[in-house]
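Under the working numbering, the first residue of the sequence shown carries the number 1, and numbering increases by one thereafter.
First the structure, in the form of structure tokens, and then the observations on it.
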Amino acid sequence: MPSDDLTRDTIAAIATPAGRGGIGVVRVSGPGVPRVAAAVLGKLPQPRLAMFGSFRDRQGETIDEGLALYFPAPHSYTGEAVLELQGHGGPVVMQALLSACVDAGARIAEPGEFTRRAFLEGKIDLAQAEAVADLIDAASREAARSALRSLSGEFSAAIGALRARLVELRAVTEAMLDFPEEEVDALHREDAAARLAETRDALGEVLAKSRQGSLLRAGIHVVLAGRPNVGKSSLLNRLAGEERAIVTPIPGTTRDALREPMLIEGVPIVMVDTAGLRESRDEIERLGIQRTRQELERADLVIAVFEANRGTDALQDLPAASARIDIYNKIDLAPGFAPPAEALAVSARTGAGLEALRQRILEAAGWSAGGEPVFLARERHLRALERAAAHLAAAAGETPRWEFFAEELRLAHAALGSITGEFSADDLLGEIFKRFCIGK
Ligand SMILES: Nc1nc2c(ncn2[C@@H]2O[C@H](COP(=O)(O)OP(=O)(O)OP(=O)(O)O)[C@@H](O)[C@H]2O)c(=O)[nH]1
Ligand SMILES: [Mg+2]
1 MPSDDLTRDT IAAIATPAGR GGIGVVRVSG PGVPRVAAAV LGKLPQPRLA
51 MFGSFRDRQG ETIDEGLALY FPAPHSYTGE AVLELQGHGG PVVMQALLSA
101 CVDAGARIAE PGEFTRRAFL EGKIDLAQAE AVADLIDAAS REAARSALRS
151 LSGEFSAAIG ALRARLVELR AVTEAMLDFP EEEVDALHRE DAAARLAETR
201 DALGEVLAKS RQGSLLRAGI HVVLAGRPNV GKSSLLNRLA GEERAIVTPI
251 PGTTRDALRE PMLIEGVPIV MVDTAGLRES RDEIERLGIQ RTRQELERAD
301 LVIAVFEANR GTDALQDLPA ASARIDIYNK IDLAPGFAPP AEALAVSART
351 GAGLEALRQR ILEAAGWSAG GEPVFLARER HLRALERAAA HLAAAAGETP
401 RWEFFAEELR LAHAALGSIT GEFSADDLLG EIFKRFCIGK
């Protein structure tokens, strides 16, 4: 994509985190880089060669000494001329260095502006730009790995392959549109139908991998619920590997809902311990139980906890909507207990069955462990893929009416294009880039 304006200014920002560090970096990008270099360094460094020098302010006073790197356009992160000044990472030095760049004609960059320019210069597409932010924000190695795959263009390539299929199918369809229906022979029709089916399958695969990957970004909200004293808090502690919640033999111990973030195989989970469900006259406990119900409404997954030593049981008051796993705790007190089909037997005391529970949590959330690499998709990507899938499904129902068929294909194509940014409106770009940190 070409630059959006010809009068691009020059931006500067501290690219390293706020605070003290061994090294701090000020990054400058834009046509004014040679001028900034001349003012701050006294000269423009050789392209891509580290130059040691003094950084000076407007009065010519030395701010710091360090390394300077110059990347001429278009071979830089942004695609513009870029200057990186590596000084000592103290807040005062960094601010002074940034001010010197501003005095030399640069403007302070907005959040994500470097990456936005990389997108506008065609260095990366939109999905890759988003992956930059996702990589920085990654909460686990698994998430980082997936973000890196998106950044290197694997996700974009998969979207590109889908679009290529659609382009071919649209070409075949446009050819048919030139003939009245009775002249479109069976061969063409079958060809179009077969291609459509293939494209839908391929899209389904990308969507599945993206749904999985989106779990790595968003995490899963898992709520432990059950009657008092069944061992919910003990389970939370066991799963967290820490004594987080208070455990006592007194029913009605837990009042407030307690949230504990944890990782299961790199998938971020927020596990919520709740007050046990029962009729209570105690004012505080009643409020706790109200909170349990609110948590249940919001849960992606409910773990309904029962006691193995009390036999099989049922909990009426769980919402029907959310996914649910039934577990029988305290299996150590009931050796030989056989849980109902689909339910798990565990012991918070001995740890028995907890590995199986972890796997079931991942499974119920739609994560297939040890499977193929997934795409760290965003909600925006999922919605676009789902829109494309819906248009392809609609197309399948329109096969004799080629104008409608063609229109559905066009809409599916546009939905896919919005992922990589071919057809993205400016407001969407603003929305995406403003969430970046400064200096990226
Ligand atoms: N033997 C045995 N005892 C357990 C097990 N899990 C929990 N307990 C005991 O059961 C009692 C209640 O445990 P909690 O974890 O407080 O139960 P809870 O469901 O959080 O209870 P409330 O907060 O009152 O709703 C405690 O005395 C625990 O030590 C288990 O697997 N085996
Ligand atoms: Mg409890």
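Beta carbons: idealized from backbone N, C-alpha and C, even for Gly.
Quantities reported herein were computed from a predicted structural model and do not represent experimental measurements.
For K43, is the classification buried or exposed, using 16 other Cβ atoms within 10 angstroms of its Cβ as the cut-off for buried? exposed
Do the segment 292-303 and the segment 312-329 touch if we need at least three Cβ pairs shorter than 8 Å? Yes, they touch.
If you scan the segment 146-229 from start to end, which runs of the beta strand (DSSP E) of 3 or more residues do you find wholly inside it? Entirely contained in the segment 146-229, the beta strand (DSSP E) runs reaching 3 residues are, in chain order, 220-226.
For R35, which residues of its own chain have a beta-carbon under 7 Å away from its beta-carbon, when the five flanking residues on both sides are left out? Cβ neighbours of R35 beyond the five flanking positions: A104, G105.
Evaluate T173 with the Cβ neighbour count: other Cβ atoms within 10 Å of its Cβ, from every protein chain shown; 16 or more gives buried, anything less gives exposed. buried
At which residues does the beta strand (DSSP E) containing D273 begin and terminate? 267-273
Alpha carbon to alpha carbon, what distance is there between A127 and A161? Inter-residue distance for A161 and A127 is about 15 Å (C-alpha atoms, whole angstroms).
Can you check DSSP and say which residues form a bridge with G443? As shown, the chain starts at 1 and ends at 440. That puts residue 443 outside it, with no answer to give.
Expressed to the nearest angstrom, what Euclidean distance is found between the alpha-carbon atoms of G288 and I250? 15 Å
Reducing DSSP to helix, strand and coil, say where L235 ends up. helix
Would you decide whether S234 is buried or exposed? Buried here means 16 or more other CB atoms lie within 10 Å of its CB. Under this definition S234 is a buried residue.
Any idea which residues DSSP pairs G21 with across the strands? G89
Can you check whether the CB of L216 is closer than 9 Å to the CB of A143? Contact flag set, yes.
Any idea which residues DSSP pairs V448 with across the strands? Residue 448 is absent from the structure shown; the chain starts at 1 and stops at 440.
Using alpha carbons as the reference points, say which of L187, T62, F155 lies closest to H381. F155
Three-state secondary structure (DSSP) at V36? helix
Three-way DSSP call (helix, strand, coil) for L258 in this model: strand
Check each candidate in E297, I11, R163 and name the one with the smallest Cα separation from V28. I11
Measuring only the C-alpha atoms, how far is V346 from G204? 36 Å
If you draw a straight line from the alpha carbon of V270 to that of I136, how long is it in whole angstroms? 21 Å
Assumed close pair V230, E307 - CB separation to whole angstroms, cut-off 8 Å: Their Cβ separation, rounded to whole angstroms, is 5 Å, which keeps V230 and E307 in contact under 8 Å.
DSSP beta-bridge partners of L445: No information on residue 445 is available, as it lies outside the stretch 1 to 440 that the chain covers here.
Looking at the secondary structure, which residues open and close the alpha helix (DSSP H) in which A445 lies? No information on residue 445 is available, as it lies outside the stretch 1 to 440 that the chain covers here.
On the criterion of 16 or more Cβ atoms from any shown chain inside 10 Å, does P91 qualify as buried, or is it exposed? exposed
Pick helix, strand or coil for E307, following the three-state DSSP scheme. Strand, per DSSP.
Taking only the alpha-carbon atoms, compute the straight-line gap between G24 and M51 and give it to the nearest angstrom. One alpha carbon belongs to G24, the other to M51, and they sit about 16 Å apart.
Let me know the secondary structure DSSP gives S29 once reduced to three states. Strand, per DSSP.
Beta-carbon proximity of G417 to F119, cut-off 9 Å: no
Alpha-carbon to alpha-carbon, G366 and P138: Checking the displayed sequence, the identity of residue 138 turns out to be Ala instead of Pro. Using only the alpha carbons, I get a separation of about 20 Å.
Could you tell me the distance, in whole angstroms, from the CA atom of L258 to the CA atom of A225? Approximately 12 Å between the Cα atoms of the pair.
Nearest candidate by alpha-carbon position, reference A96, set R56, V267, G66, R117: It is R56.
Using a 10 Å radius around the Cβ and a threshold of 16 neighbouring Cβ atoms, would you call T350 buried or exposed? exposed
For F337, name the three-state secondary structure that DSSP assigns. coil
Along the chain, which unbroken stretches of the alpha helix (DSSP H) at least 4 residues long are found entirely within the segment 65-142? 91-103, 113-120, 126-137
Can you give me the Cβ contacts of A131 inside the same chain, cut-off strictly under 6 Å, excluding the 5 residues immediately before and after it? A147, S150, L151
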